[in-house]
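Protein chains in written order, with the working numbering: chain A, 82 to 193; chain B, -2 to 508; chain C, 621 to 847.
Let me begin by presenting the structure, written as C-alpha cells, before commenting on it.
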Amino acid sequence: MRPHSAAEAAMLLAATAALVLGVRAGAAQSAAPSAADRGGPQSEPLRIITYTREHCGELSRRADELMQRRPRVTPESVELRDEGKRLCAEGQIRPGIIRLRRAIMLLRAPAP
Amino acid sequence: MSGTPHVADPPDVGETPPDVGEALPTWSPRRHGRLGAFFGQAGVRFGMIYACLFGASSLALAAFLWWSTAGLLDRQTEAAILVDFQGLTERLAEGGVGNLIETIEQRIAGNIDDDAVYLLVDARMQRLAGNLERWPRGVAPDFDWTNLRIDRGGIRTLARVHHADLEGGLHLLVGRDVESRVQLRGIVADAMLWAAVIAVLLGTVGAMAVRGLFRATLADISATAIAVSAGDLTRRVKVTGHSDEFDLLAETINDMLDRIARLMEGVRQVSNAIAHDLRTPITRARMRLEDAATSARTEADLHQAIERAQADLDGIVAVFQALLRIAEIEAGARRSAFSRVDVAPMLSDMAELYEAAAEEAGQTLVARIPPQAMVFGDRDMIQQAVANLLDNAMKFSPPEGVIRLGAHVAGGSGSAGGVGAGVAAGTVEIVVADDGPGIPPQDRARASQRFFRGEAARSTPGSGLGLALVQAVAMLHGGTLRLEDNAPGLRAVLVLPVGDGANGAKTGEVA
Amino acid sequence: MRILLVEDDRDVAGFVVKGLKEAGHVVEHTANGRDGLFLAASEAFDAIVLDRMLPGGVDGLRLLETLRSQGNATPVLFLSAMAQVDDRVRGLKAGGDDYMTKPFAFAELLARVEALTRRGKSEGPVTRLVVADLEMDLLSRGVKRAGQKVDLQPREFRLLEYLMRHAGQVVTRTMLLEGVWDYHFDPQTNVIDVHVSRLRQKVDKPFPTPLIHTVRNAGYMLREEAP
C-alpha cells in the first residue's frame, strides 16, 4: 500500500468529486423536467385565470347560496366567508379565494 | 462505482488497436507506466472488484429508495388526477356538457389546496370551463400526460396534467401542481448524493481493506517463495489454523516444499556418496594401473594388474548403474508400465536359481510360496528387489545358515493363516530372512539409505545400494520395506499392496 | 560374417572394429546415421551394431524404423549409453533384436553379435539338437550322451538347450540369465556358475571329454573339442 498511497488518495478524491458533480447534475436535471419533458417548447407559463375579483364574487355567491340552503351554519364557515370577502375586497385575491373555498367546503360537508 | 472513470481512460497504445484477448496479457507495468503498474496488481484488482460490487449494490439500493419515495409521490399524484378525470368523464355521460361545466366549476370552488388545473375546450379549442387561460400550445389534445409550467397568480409552478378527447369534440385537461413534489425530490436527491459520497468513501475504504487483506495473506506466501528461490529451503508458509482456503493453499505449498526439500536432500546425499564411495575404487584402479606402468617386471604382472583394474572399473560401473536405476525408480517413470503380476511363480524361479548357489556355499534356502500372489506392479523391479534381498541374505549368512524366502497374501481373498498377524489389508508380503548378524536396531532406519553399510558389511564386498533399491521399489509400488529382527539375523519384509491400479502407488516408508 | 557398425565415437568404434576383425568378421564402419541407413539399405549384412544417438539427423531409432519399414530384417544390436528400462523397451519395440548399454565388455558384445547372426539363420522349427555325442530331443524332452540317458531337471534342460542352440559360440552369464531365467539385471551372487557346474556334473563328469568349456572373462561355450 505504501508506494502508491499518494496516487491512491488522489484518485479517491478525483472519483468522489466526479461522483458528487455527476449526481448533482443528474439531480438538477431530474428536478426540472420543465417543458422539454413532453409537449414541446413552452416559452411562457400558462396563467391560472381564477385569481380575479369576478372569481371572488362567484365564490361568495356560491357560499351565500349554500348558507341559505342549510338549516344550521357553523360560525367558522361564516367567519371564513367574511374574511375571504374582506381579503378579496382589499385586493389580496389568492388568500381571499382560499378562505372562500374553505368556507364552501365546510358548507358542503354533511351536517354533523 | 469509484474507479470507473479511471478504468475508462483509453490506454495509450500505438497504431494497432488492441483487441480484448490481446490487451489482457500485455497489461504490464512497463507498457502503461505507473498507473498501469498500479492496476496490474491483483490486490488492486480485487479491491476494485469489491468497490464495483459495493457501488452497484448501493446504486440498486438508491434506485429502490427513489422509486419508493419520490416515485411513489409521482404515482400517487397521477392516480389522483386519473380518478378526477374519470369522475368528470362520468358527469359528461350523465348530464351532458352543462353538467360537466358545472362540476368543473364546483371542483375549482372546492379546491382548498389551490393546486388543481382544469380546462375544458370545444372542438375549436375555445375554453368552455376551467381555470387555465388556454389550451397549451404544441400539446396535442388527445390522450397523454404532460408537464406544464404555469403561472399561479404571479407564482410560477410546475403542473402534471392529463388530457384526452371527450365525446362531442370536447377536450379535457386535468392536472395538479407538483411544485412541492419537485422540492421533495430535491431533498431526496440531496440525501442520496450524500449517501453516494458516503458509499464512495466506504467503498474505497473497503476496497483498500480488501486489498490490504489480500496482500497480507499473500505476503507470507510470496515472502516464503522468495526465500525459497533464494536458496532457503527451510522456510514454510505460516498456517493460520482457520483451516480456510488460504490454509489449504499454504499446506499444499508446504507439502510441495517438503517434497522438494526431500528430493534435494536425496540429491545432496547421492552426490556426497558418489564423491566418497566412487572416489575410493577409482583411486584404487588408478593406483593399480600407475603401479603396473612403473613397476611391473613381467608381462604376467602387467596382465594381472590390468585385469584387476578392469574388475575395479566393472565395480564402479555396477555402482553407477545401481544408482541410476534407483534414481529411475524414484522418478516414478516406470509406474506407467505397471500391470497385474503373479509374483508366486517368479519367486519359485528365484528360489530355484538361488537354491543351488546357497547349497554350494553350504547354506540352505527354504522357500514357502503360496500358489498365487497377485500384485499390481512391475515384475522386473520386484524381481530385482527380491534378488537384492537374497544376495544380501546369502552374503551375510554363515555357512550352515538357513535362508528363508516366503510370501503370503493378506486381506482380500482370505488370509494365509497365523503367520501374517498385523498384515495390512490387501497386501502381499515377501519375506527374506537369514540367521546372519542382522542389523542392530539403531541402524535399521538408515539401512535403506544409499551407500549405508553396517558394521557387519564393512568386511564384505558390496556397494551399499542393495536395500536402497529395494526401498525405492517398495515406495514406487506404494508399499513398504520393513527390517526386523530374526533373532538372530535379519528379516526383511517387502510389503506390496495388491492394488487395482487406481490406488496403486502412494508414498511408502521404512518401518 | 559381414557386420555394419554405426557408431560416432571414434575410440569405441576403433576398438569394436578391431575386436570384430580379430574374431574373423568383415566390418564396415560409418559414423553417422544417414550414411549408416544408406549402407544398411543398399548392401547385405549379417548383423548391424547400432548406436542410439547419432549425428547427421538420423538417430539409431529412426534408422532402424526406416530399415524395418523397407522390409529389411537384418538383425540389429543396439549399443547405447541410454540405459533406462524405457530406452531398452523402445529400442526393442522399434525392431531391435538385442540391446546393450555402455560401458560394455567386448566379449559380451562379440558373443551377442554372434548369437544374433545365428538367430537370423535359423529356419523352421528344430526338434533335435546334436553336438558331438550329445543329443537332445526337444519333443520328448530327453537327453542322451553317447547313447546313455542323462537325467536333467527342467531348468537344467533349458540351460543345456540354450548352450546347444549356441554351440560353438561364447555364451555370457548375462545371456544365460536373460535367455534361461528371464532376468534383466546382474545379481551380485554368481548364481549362474553354480547351475552350470551342476549341469557339468551330469553332462560332462561321467564322460571322457568335456563339452561345456569356461571362456575366461566371458562365459561358457559348448563345443566338440578342446582348443
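For every residue, glycine included, the Cβ atom is placed at its ideal position computed from N, Cα and C.
The structure displayed is predicted, hence computed values, not measured ones.
Where Thr694(C) falls, given that 16 or more other Cβ within 10 Å makes a residue buried: Start at 1 with the first residue of the third sequence, and residue 694(C) comes out as number 74. Buried, because 16 or more other Cβ atoms sit within 10 Å of the Cβ of Thr694(C).
Residue-level contact to chain B via CB, Pro807(C), 9 Å cutoff: Start at 1 with the first residue of the third sequence, and residue 807(C) comes out as number 187. Cβ-Cβ to chain B under 9 Å: yes for Pro807(C).
Strand pairing of Pro494(B), partner residues [DSSP]: As a working note, residue 494(B) is residue 497 in the second sequence. Per DSSP, the beta bridge partners of Pro494(B) are Thr424(B).
Closest Cα partner of Gln83(B) within the set Val136(B), His160(B) and Met45(B): For the purposes of this step, residue 83(B) is taken as the residue at position 86 of the second sequence. With respect to the C-alpha of Gln83(B), the residue from Val136(B), His160(B) and Met45(B) having the closest C-alpha is His160(B).
Arg149(B): contacting residues in chain A (beta-carbon distance under 7 Å): If you number the second sequence from 1, residue 149(B) lands on position 152. Chain A residues near Arg149(B): Ile129.
Coarse secondary structure for Ile198(A), derived from DSSP in three states: Coverage of chain A is limited to positions 82 through 193, which leaves residue 198(A) absent and any answer about it impossible.
Coil, strand or helix - Asp339(B) by DSSP: For the purposes of this step, residue 339(B) is taken as the residue at position 342 of the second sequence. Looking at Asp339(B) - three-state DSSP - the assignment turns out to be strand.
Contact list for Ala703(C) against chain B, beta-carbon separation under 7 Å: Counting from one through the third sequence, the residue named residue 703(C) turns up at place 83. Per Cβ cutoff of 7 Å: Gln318 and Leu321.
Pair within 9 Å by beta-carbon distance, Leu681(C) and Ala714(C): Reading the third sequence from its first residue, position 61 is the one you call residue 681(C). Reading the third sequence from its first residue, position 94 is the one you call residue 714(C). Here Leu681(C) is near Ala714(C), since their CB atoms are less than 9 Å apart.
Touching by the beta-carbon criterion (3+ pairs, under 8 Å), the stretch 622 to 629 of chain C and the stretch 639 to 654 of chain C: Flag = yes, the stretch 622 to 629 of chain C and the stretch 639 to 654 of chain C touch.
Same chain, Cβ closer than 6 Å to Gly839(C), five either side skipped, listed in chain order: The residue labelled residue 839(C) in the question sits at position 219 within the third sequence. Excluding residues within five positions, the ones whose Cβ falls inside 6 Å are Val790, Val791, Thr792 and Arg793.
Segment contact flag, the stretch 199 to 215 of chain B with the stretch 174 to 182 of chain B, C-beta cutoff 8 Å, min 3 pairs: Short answer: they don't touch.
Chain B contact for Val814(C) (CB, 9 Å cutoff): Within the third sequence, the letter at position 194 stands for residue 814(C). Chain B contact via Cβ: present.
At least 3 beta-carbon pairs within less than 8 Å: the stretch 766 to 778 of chain C vs the stretch 811 to 826 of chain C: Because the criterion of three Cβ pairs below 8 Å is met, the stretch 766 to 778 of chain C and the stretch 811 to 826 of chain C touch.
Ser700(C) at chain B interface by Cβ criterion, 9 Å: One-based indexing of the third sequence puts residue 700(C) at position 80. So, not an interface residue.
Amino acids of chain B, ordered along the chain, whose beta-carbon sits closer than 7 Å to that of Arg672(C): On the third sequence, position 52 is the one that residue 672(C) refers to. None at all; the shortest Cβ gap to chain B is about 16 Å.
Other residues of its chain near Pro396(B): CB distance less than 7 Å, five sequence neighbours each side excluded: By one-based count along the second sequence, residue 396(B) stands at place 399. Same-chain partners within the cutoff: Ala358, Gly359 and Gln360.
Where Met186(A) meets chain B, residues with beta-carbon distance less than 8 Å: Position 105 of the first sequence, counting from 1, holds the residue named residue 186(A). Within chain B, the residues placing a beta-carbon under 8 Å from that of Met186(A) are Gly107 and Ile109, ordered along the chain.
Assumed close pair Met347(B), Leu387(B) - CB separation to whole angstroms, cut-off 8 Å: The sequence position of residue 347(B) within the second sequence is 350, counting from 1. The sequence position of residue 387(B) within the second sequence is 390, counting from 1. Contact between Met347(B) and Leu387(B) holds, since their C-beta atoms are separated by about 7 Å, short of 8 Å.
Proximity below 9 Å, CB of Ser279(B) to CB of Leu320(B): On the second sequence, position 282 is the one that residue 279(B) refers to. On the second sequence, position 323 is the one that residue 320(B) refers to. Reading off the sequence, residue 279(B) comes out as Ile, not Ser. No, these two residues do not count as a Cβ contact at 9 Å.
Reference Leu831(C), options Asp753(C), Asp757(C), Asn692(C) and Leu796(C), closest by Cα: Within the third sequence, residue 831(C) is the residue found at index 211, counting from 1. It is Asp753(C).
Residues near Asp16(B) by beta carbon distance below 7 Å, same chain, minus five either side: Along the second sequence, read from residue 1 onward, the residue named residue 16(B) stands at position 19. In this prediction, Asp16(B) has a pLDDT of 42, which is less than 50 and means its spatial position is unreliable; what the coordinates show is noted afterwards. Taking C-beta separations shorter than 7 Å and ignoring five residues to either side along the sequence, Asp16(B) has no partners in its chain.
Glu248(B) beta carbon near the ligand SAM (any heavy atom closer than 8 Å): Ligands are entirely absent from the displayed structure, and the ligand SAM is therefore not among its contents.
Under 9 Å between C-beta atoms of Leu362(B) and Ala355(B): Against the second sequence, residue 362(B) aligns to sequence position 365. Against the second sequence, residue 355(B) aligns to sequence position 358. Contact flag set, yes.
Tyr782(C), enclosing alpha helix (DSSP H) - first and last residue: What you label residue 782(C) is simply residue 162 of the third sequence in a count that begins at 1. Unbroken alpha helix (DSSP H) run through Tyr782(C): Pro774 to Arg785.
Start and end residues, beta strand (DSSP E) containing Gly172(B): Sequence index remark: in the second sequence, residue 172(B) carries index 175 (1-based). For Gly172(B), the enclosing beta strand (DSSP E) covers residues His168 to Asp174.
Through-space distance from Gln381(B) to Val492(B), alpha-carbon basis: Counted from its first residue, the second sequence places residue 492(B) at position 495. Counted from its first residue, the second sequence places residue 381(B) at position 384. Val492(B) and Gln381(B) have their alpha carbons spaced roughly 15 Å apart.
Any C-beta of chain B under 9 Å from that of Arg151(A): What you label residue 151(A) is simply residue 70 of the first sequence in a count that begins at 1. No, because no Cβ of chain B sits closer than 9 Å to the Cβ of Arg151(A).
Per-residue contacts from Glu357(B) into chain C (C-beta, under 7 Å): Counting from 1 along the second sequence, the entry for residue 357(B) is found at position 360. Taking a Cβ-Cβ cut-off of 7 Å, the neighbours of Glu357(B) in chain C comprise Val814, given in sequence order.
Of the listed residues Met378(B), Gly463(B) and Arg322(B), nearest to Lys392(B) (C-alpha basis): Here residue 392(B) is taken as the residue at index 395 of the second sequence, counted from 1. Comparing alpha carbon positions, the residue from Met378(B), Gly463(B) and Arg322(B) closest to Lys392(B) is Gly463(B).
Cβ pair count under 8 Å reaching 3, the stretch 133 to 142 of chain B against the stretch 103 to 110 of chain B: By the Cβ criterion, the stretch 133 to 142 of chain B is not in contact with the stretch 103 to 110 of chain B, since fewer than three pairs of Cβ atoms, one from each stretch, lie closer than 8 Å.
DSSP three-state assignment for Ser700(C), whether helix, strand or coil: Start at 1 with the first residue of the third sequence, and residue 700(C) comes out as number 80. If DSSP states are grouped into helix, strand and coil, Ser700(C) belongs with the strands.
Separation of Arg149(B) from Ala117(A), as counted between CA atoms: Position 36 of the first sequence holds residue 117(A). Position 152 of the second sequence holds residue 149(B). In this predicted model, Ala117(A) has a pLDDT of only 40, less than 50, meaning its place in the structure is not dependable; the value taken from the coordinates is given anyway. Computed Cα separation, rounded: 20 Å.
Minimum Cβ-Cβ distance from Leu168(A) to chain B less than 9 Å: Looking up residue 168(A) in the first sequence gives position 87. By this cut-off, Leu168(A) is not an interface position.
Secondary structure of Val4(B), DSSP reduced to three states: Locating residue 4(B) in the second sequence gives position 7, where the first residue counts as 1. For Val4(B), the predicted structure reports a pLDDT of 40, less than 50, and the residue's modelled location is therefore unreliable. The matter cannot be settled from this model.
Any C-beta of chain C under 9 Å from that of Gly433(B): In the second sequence, the residue the question calls residue 433(B) occupies position 436. False, the Cβ-Cβ gap to chain C never drops below 9 Å.
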